[in-house]
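So the number in my numbering is just where the residue sits in the sequence shown, counting from 1, plus 2. Beta carbons are placed, not taken as given, at the ideal position from N, Cα and C, and that holds for glycine. A short write-up of the structure that comes next.
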Amino acid sequence: MQNKPIQLAALAALLAALPAAQAQDANALYVRSLAANCSNCHGTHGRAIDGGVVPGIAGMPAPYMVNQMKGFKTGTRQAAVMHQIAKGYSDAQIEQLAAYFAAQSK
Numbered sequence: 003m004q005n006k007p008i009q010l011a012a013l014a015a016l017l018a019a020l021p022a023a024q025a026q027d028a029n030a031l032y033v034r035s036l037a038a039n040c041s042n043c044h045g046t047h048g049r050a051i052d053g054g055v056v057p058g059i060a061g062m063p064a065p066y067m068v069n070q071m072k073g074f075k076t077g078t079r080q081a082a083v084m085h086q087i088a089k090g091y092s093d094a095q096i097e098q099l100a101a102y103f104a105a106q107s108k
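Here it is as structure tokens:
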């Protein structure tokens, strides 16, 4: 019976942590859904087909990707379609995408 207060405290701590864990899971799912849009051209998880015209973005350093995406968005970097696609993302979404693809293995 002496362990009951300890068990209840542990259970209370676990239950208190659930909303934060669920929020992290929801955010991860949201970012993965954003990244799925990129797979049409850049391949699943940013791994493009070898020898393809479109570059792979998996493992690309996040600061570099943010810079390139913002360049597409403002029109300072030219591209066939990326300038139109980049305009559909907020700066926060671009940062999230860059972090996601930086974490992917090549």
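Nearest to K108 by C-alpha distance, out of G90, L99, I59, is I59. Looking from the CA of A101, the closest CA among Y66, A81, H85 belongs to Y66. Less than 8 Å divides the Cβ of K75 from the Cβ of A88. Secondary structure of G73 (DSSP, three-state): helix. Annotation: N69 to A18 spans about 38 Å, alpha carbon to alpha carbon. Judged by their CB atoms, A104 and P57 are not nearer to each other than the 8 Å cut-off. Taking the CA atoms as reference points, R34 sits about 31 Å from A14.
The Cβ atoms of G48 and C40 lie closer than 8 Å to each other. The continuous alpha helix (DSSP H) containing N42 extends over residues 41–44. The beta carbon of G73 sits closer than 7 Å to the beta carbons of R79 from its chain, once the five residues preceding and following it are set aside; these are given in chain order.
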